[in-house]
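Here the protein sequences line up with chains A and B, keeping their order. Residue numbering for the first sequence is 90 to 190, as defined by my numbering. Residue numbering for the second sequence is 9 to 233, as defined by my numbering. Here the structure comes first, spelled out in structure tokens, and everything after it is commentary.
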Amino acid sequence: MNSAWIFAMAGTALFVGGIAGLLLQEHLLRKIIAFNIMGSGAFLALLGLGQRDGLTDPVPQAMVLTGIVVALASTALALALARRLLNLTGRMRLPPKAPDD
Amino acid sequence: MNAVLRLLVLGVLGALGLTLAWAMLTLPPPALRVGAQVAARLGASGVRHPVTAVLLNFRGYDTLLEVAVLLLALLGVLAVSRPVPASGLRAGAAPQALLQSLARLVAPLMVLVAGYLLWAGSHQPGGAFQAGAVLAAMAVLLYLAGLMPAWNEPGLALRAALTGGFLLFLALAALVPGRGPLLAYPAGQAGLLILAIEAGLTLSLGLLLAGLFLWLPDEREEAEE
Numbered sequence: 090m091n092s093a094w095i096f097a098m099a100g101t102a103l104f105v106g107g108i109a110g111l112l113l114q115e116h117l118l119r120k121i122i123a124f125n126i127m128g129s130g131a132f133l134a135l136l137g138l139g140q141r142d143g144l145t146d147p148v149p150q151a152m153v154l155t156g157i158v159v160a161l162a163s164t165a166l167a168l169a170l171a172r173r174l175l176n177l178t179g180r181m182r183l184p185p186k187a188p189d190d
Numbered sequence: 009m010n011a012v013l014r015l016l017v018l019g020v021l022g023a024l025g026l027t028l029a030w031a032m033l034t035l036p037p038p039a040l041r042v043g044a045q046v047a048a049r050l051g052a053s054g055v056r057h058p059v060t061a062v063l064l065n066f067r068g069y070d071t072l073l074e075v076a077v078l079l080l081a082l083l084g085v086l087a088v089s090r091p092v093p094a095s096g097l098r099a100g101a102a103p104q105a106l107l108q109s110l111a112r113l114v115a116p117l118m119v120l121v122a123g124y125l126l127w128a129g130s131h132q133p134g135g136a137f138q139a140g141a142v143l144a145a146m147a148v149l150l151y152l153a154g155l156m157p158a159w160n161e162p163g164l165a166l167r168a169a170l171t172g173g174f175l176l177f178l179a180l181a182a183l184v185p186g187r188g189p190l191l192a193y194p195a196g197q198a199g200l201l202i203l204a205i206e207a208g209l210t211l212s213l214g215l216l217l218a219g220l221f222l223w224l225p226d227e228r229e230e231a232e233e
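Laid out in structure tokens, this is it:
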């Protein structure tokens with residue numbers, strides 16, 4: 090078992106932890122951070138599995154570079170929407186459903 | 009969300025994690041070695057670094073669509089941004105002389121570093137995205153030091169510069185091969201085309217990534233409501 094498996098298992102743990110944070114936290118900023126942790130876990134698992142036979146592989150590295158940039162852009166969009174919600178409602182949580190919906 | 013539901017979610021996620029770990033551990037060894045195929049064709053790709061070759065030549069389509077996704081995210085940020093009042097410099101922060109002198113000193117150096125990263129991408133880790141990120145960091149530094157105002161509604165020149173990198177990439181991908189497949193660079197000119205694409209992308213990405221920060225709805229809006 091070489092170091093690639095440590096990356097893969099740690100990536101899986103981060104991914105599952107990120108999903109837990111996304112579902113269970115109610116503060117929007119914490120949801121965005123959990124979403125980022127999910128993404129980082131997925132990248133780590135992808136890189137770890139890419140070198141599981143001991144040879145470095147440039148294709149997963151390029152894919153992860155692309156993924157990091159796209160995760161950055163989606164985080165920026167999520168933060169812009171959260172800021173707009175803060176301006177509109179004054180709270181950083183999703184508004185509760187009205188009882189007659 | 010009550011305690012029972014929380015425990016249920018945590019239980020399901022724990023099971024998911026264990027299933028993923030088991031699935032990863034029982035993977036068969038890889039059937040084909042993509043790394044060896046990249047190394048075999050690295051000479052014909054136009055650059056010497058395998059990751060840059062994969063990003064801009066072998067999997068160039070992914071990079072093209074990635075820039076399109078970045079532009080879409082910027083559209084979303086622009087849609088929720090608000091007009092900035094006339095003196096858009098960062099309010100509430102007293103101008104700090106030391107920070108401003110440091111920012112003025114470092115900003116041209118960051119442009120230099122971005123240019124080096126762009127050129128170094130052909131034989132070392134580097135390239136368009138790294139150089140664009142350094143340019144964006146320079147713009148954010150200037151804004152945070154109070155030397156540059158937050159950006160207002162983009163004019164025609166800024167819109168042209170933002171989309172210019174993507175359109176240049178698309179044009180070189182579609183027009184250069186003639187009637188061949190997309191992104192088939194002619195042999196011998198691949199290095200030059202990759203450099204041209206990366207230069208256009210550096211400028212566009214620097215503006216785009218800076219805009220993702222500088223067009224965010226600003227904290228001063230709460231005082232207006």
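C-beta: ideal position from N, C-alpha, C; glycine also.
Query, Result
"Rounded C-alpha distance that separates B:T34 from A:P149", "20 Å"
"C-beta contact flag for B:G154 and B:L107 at 9 Å", "yes"
"Residue range of the unbroken alpha helix (DSSP H) whose run includes A:T145", "Looking at the DSSP string, A:T145 is not in any alpha helix (DSSP H), and its letter there is neither H nor E."
"Sheet register partners of A:R182 (DSSP bridge)", "A:H116"
"Own chain residues within Cβ distance below 6 Å of B:Y193, not counting five before or after", "L201"
"CA-to-CA distance, B:A11 to B:A76, given in whole angstroms", "43 Å"
"Residue-chain proximity (B:T71, chain A), Cβ-Cβ < 9 Å", "yes"
"Cβ neighbour criterion (16 or more within 10 Å) applied to B:N65", "buried"
"Proximity to B:A207 [Cα-Cα], best of B:F177, B:L220, B:P91", "B:F177"
"Beta-carbon proximity list for B:A122, same chain, < 6 Å, skipping 5 on both sides", "A139, V142, L143"
"Host alpha helix (DSSP H) of B:V112 (start-end)", "It should be pointed out that residue 112 of chain B corresponds to Arg in this sequence rather than to Val. Start and end: 105-128."
"Separation of B:A29 from B:L15, as counted between CA atoms", "21 Å"
"First and last residue of the uninterrupted alpha helix (DSSP H) at B:G43", "42-48"
"Chain A within 9 Å of B:A11, Cβ atoms only", "no"
"Cβ shell of B:V235 (< 8 Å), same chain only, five flanking positions each side left out", "This structure leaves residue 235 of chain B out entirely; chain B is present only between 9 and 233."
"Assigned exposure category for B:H57 - 16 Cβ within 10 Å defines buried", "buried"
"Cβ of A:I108 within 9 Å of any chain B Cβ", "yes"
"Residue-chain proximity (B:S89, chain A), Cβ-Cβ < 9 Å", "yes"
"CA nearest to the CA of A:H116, picked from A:L177, A:A187, A:N176, A:A171", "A:A171"
"Residues near A:R141 by beta carbon distance below 6 Å, same chain, minus five either side", "A93"
"Interface flag, A:S163 vs chain B, CB-CB below 9 Å", "yes"
"Where the region 144-160 of chain A meets chain B: residues whose CB sits under 8 Å from a CB there", "L144, T145, D146, P147, V148, Q150, A151, M152, L154, T155, V158, V159"
"Euclidean distance between Cα positions of B:L50 and A:T178", "55 Å"
"Positions along the region 15-32 of chain B whose CB lies within less than 7 Å of some CB in chain A", "V17, L18, L21, L24, G25, L28, A29, M32"
"Three CB pairs or more closer than 8 Å across the region 149-162 of chain A and the region 127-134 of chain A", "yes"
"Contacts around A:K120, its chain only, beta-carbon distance under 6 Å, and the 5 residues preceding and following it disregarded", "L111, Q114"
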